[in-house]
Structures are given as structure tokens and as C-alpha cells.
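Comments concern the structure below.
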Amino acid sequence: VTQVEPLNTDPLASCLQAVFGYRTFRQGQREVIDQVFLGHDALVIMPTGGGKSLCYQLPALLFSGLTVVVSPLISLMKDQVDSLKQMGVAAAYLNSSQSREASQQIFQQMHRGELKLLYVSPERLLMDSFVERMQALHISLFAIDEAHCISQWGHDFRPEYAALGRLRQLFAHVPIMALTATADQATRQDICQRLGINPYVLLTSFDRPNIRYTVAEKLNAANQLRQFIQAQNGNSGIIYCGSRRRVDEVAERLRLQGYKADGYHAGKTQEERGDIQERFLKDQLDIVVATVAFGMGINKSNVRFVVHYDIPKSVEAYYQETGRAGRDGLDAEALMLFDPADIGRVRHLIEQAEPGPQQQVEFHKLNTMAAFAEAQTCRRQVLLHYFDESASEPCGNCDICLDPPKRYDGVEDAQKVLSCIFRLQQKFGINHLIEVLRGSKSAGVVDRGHDKLSTWGIGKDKSHEFWLSIIRQIIHLGFASQDITRGSSIKLNPQARAVLKGELPLLLAEPRITLTTDVKRRGN
Ligand code: ADP
Ligand code: ZN
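Using full-length UniProt numbering, read the sequence shown as starting at 5 and increasing by one per residue.
Structure below.
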């Protein structure tokens, strides 16, 4: 460790400069670290590349005891520990790939108090023998990286993470810091609940202004992809597909077209996968066509584009996957090819699974993803809104902003929708709402007496899909919300008042007819 600058009297700033070589804290880092020193738990939500690691690495150096970092991937642990060692920090990792001698040596270092940071996998951490070992030591902090893995709401649930809920009971006085790059409201709550923490929450902006979001209707996917990639001038990119078969097929086609492309999925050996990842990092491979198996731990800063050839499983997954583009801060493209019929297919797959809460979660995720793809609103506004971040202005860097759909004065239509939600006492979902608006005489409507409501049939001159699009826009714009804890019923937000009273001008996008076929299928 280099010498601490004598002029700097702030120990945190000194350490930041002396050990890590940074002059200033990034947004949020200082706040989290201060809270940790007060002994509080923390939930740190920062986009990838935002600087989460420092939030526990720096305190670890100043604490007298050991900081234990839980991390899901061996490759991630190794990278972090290697770079810490380079900075002269006493760090180590324990995982199943190590020899007995290697782990014995680390245990000795631990017991002699020589280690500042220890990275472990969750299953390793909770082995009885290891818990006993830790209880004999002075542990200063538990840091749980990729904390969304604990939640079934997150995009990467890992059963081994679920057991981390025991930490609080086993180590009642050791603060816990949970860190993640993507966590919507439901995931955040779930993380805290499962870990038994009531933490200080740090939430930095999720906006990635250099990424241009485009959703294009999937017409002739092969041609569309070809055109898009031609325009990329040989830059690096990732193409996500929904199945292994599709991955192989697309990769093969790109190779035939002369691109340095390869396919990555869980059907390949560990060796093959490692090789692809390495060639991609070293710029020997331009395009990786992949399933979601290609993801966490990919630290390539100059990925210029990410294509979704098929619809992603959730908005979180979409955000995470597109987020691998443009980490260097330079312009990057995120293109999604959207075939509304894909939603029906994924829906069907989910229907095959065992009924239960997990299935409901999957349905909800898919619906939200579909709503994003079909949105007529600035993509970035929808994304940020999804993460409970408000963006009042359209971004100017997405397909909707750059090639806006036609707008019309939507006050009257919005009033019909909002007043119908009100008449339904905010207790029903989108489909029922549309049935009532369109004057349906289905049993579900008549049996509840909803055919007697004043709003029954006020929208019968328009199609189901028209209202679906309008309702989704109203939700995207924040006038109403879907309450997932109550069967996706729609409730009014305070802003709806001004629309209902006619005090707010409202431009809505004319629904695009192309969505019709899918919606019909879904209605059945
Ligand atoms: P995350 O885990 O949030 O994806 P990392 O912790 O890996 O992000 O940090 C991303 C990059 O930002 C790393 O290269 C790291 O060295 C750098 N970084 C972190 N904090 C600072 C800081 N205060 N000043 C400058 N660079 C920083
Ligand atoms: Zn936009």
C-alpha cells in the first residue's frame, strides 16, 4: 500500500486515493460507506459499471475485522481478487475448484487476521463447518453481490442464494450490504425481506443515455438482422436468441455472410464457452450469438450493439442484456425485433409449467415485457419508469423519439378509460376493463352487474386492441398502475384527477394496427 497523502485528513478520501487511485467518489459511494460505518445494513442499487464494489472494498480496508463477500461466479471472484491483490490488498477467495491445501492456507490467513476480504460462494459460506469457523472470527461486514439472485422476482434466481436469509440469525450484529444492478420494486422488497434487513437504500440512476433503444416489428428477421449488422461497420456486438437452436442457426448464417461470429449456449462445453468469451474479449470474435447463458461477468467495454432476436423474458433481463452495450460511454445500439406472436408462444411455455406463485411471476414479467415492446411512449421513459425512476422528458435517443408514432388529442379516450377504472372500483384487470368499455355481455361482466355501470359500452366503437394500446399508454404515462399483488388490477394514480377533470392536455399515440393478430389470439 502506497503512503497516505499527509494533507488529506479525511481517512476515506485518503484511502480512496492511496489504495484505489481515485480522486473522487462516484455518485452514491460515499453515502453508502458512511452508512456502513454507522453499522447500518445497506441495499446498493447501481447500474453495471457504476462502482458497486468500492462500496464494500473500501470499508473492508478500514475495518479491523474480515469482510466476507458473497459472489455467485468463480470467474467473478477470481477477477476481483486478482485486481485487489494487484493493489496490495489482502484478499482471497474460496470455492469448490480449489485444492484442500489452498483452502487450508486461506483458513490460516483468516485465523491469523491477515485477510481483509474473503470472497465465497453462498453454498460454501453456509456450510456448517465454515459457519463455525467464522463465528470464531471477527467479521466486520457481509457484502452480498448480485443480490437479486436471492429473489424469484429477479431475473436470475439461484436457490443457493435463498439460504442467505440465515445470515442475520447466525451473525446478528454484523451489518449486511446487498448489491445489485437491476432490481425493480418487487425484487428490492424481496431482497430485504429474505435477508431480514431494513437497510439504508442507495438507488442511483438507471439511465444509460448513450444507448439508443429501438424496437422494430419483426417482419423478415434474417434480412433485418443482416441490414442492421452491415450498418455496424464491423463493431462488436451480442445477439440474444430465445433458444439454442436459434443461436446455432443465426451464428451459422452470420458466418456464411462472412462475419466473425460464434454461438454461445449452455449446450456447449465449459471449454468451448470459455474460449468464445475469451476471443470476444480479445476482439478476435466480433459477434456472439447467445442465449441468456451469456451474461454475468462479461466485462467488455466496447460492445457497440446488442440485438434481441427474440423477446427477452422480462424488462429486467432486457435492461441487463442491453446494458452490456456501451460500457465505455460511447454511442451504442440496442435493437429488439418484436413479433407480437412471440408473446403468445412464451405464454404457452409458461402455461406448461407447474401452476403456482412462480408461474404467476413469470406471467407478470412477460406481460410487462410485452407492454414495453408495444409501448408508444419513449422507450427510455418506460424503462426508467419501470425502475421507479421518473423521466419527465422524452429522451430523443430511441425509435419512438426519433420516429414518433402519430399523435392525437387523447383526453376523451383517456377519460373513458380512467372513469371506467374508477367505476370498477380499481379492482379489475385490463381485459375486464376493455370488456366493460366495449359493452361486452360476457358472464364475467353481467354476473357482476357491470353492464349497469355508466361506463359500460362507452368505447364500443373501437376495437379491443385499440383500447389495449390506449390503456397501456395510460399506464406508461403514469396515470394508472397495475397492482401485481392484487391480480394485476388497475388502479388510478393521483395524476389521473387532472385528466378526468379535463385540466390536462393529453396527446396519445394512434395505436398501430399491426398488433391486431396477436391480441386476438391472446383474448381467446
Ligand atoms: P459494478 O460492480 O457496479 O459493475 P465496478 O465496481 O466493477 O462496477 O466498477 C466499475 C468501474 O468503475 C471499475 O473499473 C472501477 O475501477 C471504477 N470505479 C469505481 N469507483 C470509482 C471512482 N470513485 N472513481 C473512478 N473510478 C471508479
Ligand atoms: Zn426516447
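A virtual CB, placed ideally from N, CA and C, is assigned to each residue, including glycine. All of these numbers come straight from a predicted model, not from anything done at the bench.
Given this structure, state the Cα-to-Cα distance separating residue i from residue j, to the nearest angstrom.
i           : j       : result
Cys-19      : Thr-28  : 11 Å
Leu-511     : Asp-407 : 16 Å
Asn-214     : Ser-444 : 46 Å
Val-503     : Glu-416 : 9 Å
Arg-162     : Cys-153 : 5 Å
Gly-200     : Leu-171 : 9 Å
residue 532 : Asp-194 : This structure does not reach residue 532, given that the chain is present from 5 up to 528, and the question cannot be answered.
Val-48      : Leu-207 : 6 Å
Leu-260     : Asn-224 : 18 Å
Ala-294     : Arg-248 : 8 Å
Arg-250     : Gln-385 : 31 Å
Lys-272     : Gly-299 : 15 Å
Glu-9       : Pro-63  : Because the pLDDT of Glu-9 is 46, which lies under 50, any placement of that residue in the model is unreliable, and the number read from its coordinates should be weighed accordingly. Looking at the two C-alpha atoms, the distance is approximately 18 Å.
Arg-283     : Ser-101 : 23 Å
Asn-202     : Ala-500 : 32 Å
Gln-281     : Thr-52  : 18 Å
Gly-267     : Asp-252 : 6 Å
Pro-179     : Ser-305 : 33 Å
Leu-472     : Lys-56  : 39 Å
Can you round the beta-carbon distance between residue i and residue j to whole angstroms, since I take them to be within the 8 Å contact cut?
i       : j       : result
Leu-65  : Val-93  : 7 Å
Tyr-217 : Asp-403 : 7 Å
Lys-495 : Ala-484 : 7 Å
Ile-315 : Ala-220 : Not really, about 12 Å apart at Cβ, beyond 8 Å.
Leu-122 : Leu-70  : 6 Å
Val-310 : Gly-241 : 6 Å
Leu-481 : Thr-459 : About 20 Å separates the two Cβ atoms, so there is no contact after all.
Gln-113 : Ala-95  : Incorrect: roughly 10 Å between the Cβ atoms, too far for contact.
Lys-264 : Phe-342 : Not a contact, Cβ separation roughly 27 Å.
Using a 10 Å radius around the Cβ and a threshold of 16 neighbouring Cβ atoms, would you call residue i buried or exposed?
i       : result
Ser-423 : buried
Val-449 : buried
Met-131 : exposed
Gln-189 : exposed
Asp-86  : exposed
Leu-437 : buried
Glu-337 : buried
Glu-366 : buried
Tyr-323 : buried
Asp-14  : exposed
Ala-235 : exposed
Ala-176 : exposed
Asp-465 : exposed
Gly-453 : exposed
Ser-318 : buried
Ser-394 : exposed
Val-523 : Reliability of the predicted coordinates at Val-523 is poor, the pLDDT of 31 falling under 50, and the value obtained from them is presented with this limitation in mind. When all chains shown are included, Val-523 counts as buried.
Glu-439 : buried
Lys-410 : exposed
Pro-515 : buried
Give me the DSSP bridge partner(s) of residue i.
i       : result
Gln-486 : Ile-494
Cys-402 : Tyr-217
Gly-241 : Ile-291 and Phe-309
Val-36  : In the DSSP output, where bridge partners are listed per residue, Val-36 has none listed.
Glu-337 : Arg-216 and Phe-309
Thr-273 : None; Thr-273 has no bridge partner.
Kindly confirm or deny that the segment 166 to 180 and the segment 111 to 131 touch, where touching means at least three C-beta pairs closer than 8 Å.
yes
Would the segment 171 to 184 count as touching the segment 136 to 155 if we require 3 or more Cβ pairs under 8 Å?
yes
Taking 8 Å as the cut-off, does the segment 337 to 353 touch the segment 286 to 296 (at least 3 CB pairs, one atom from each stretch)?
no
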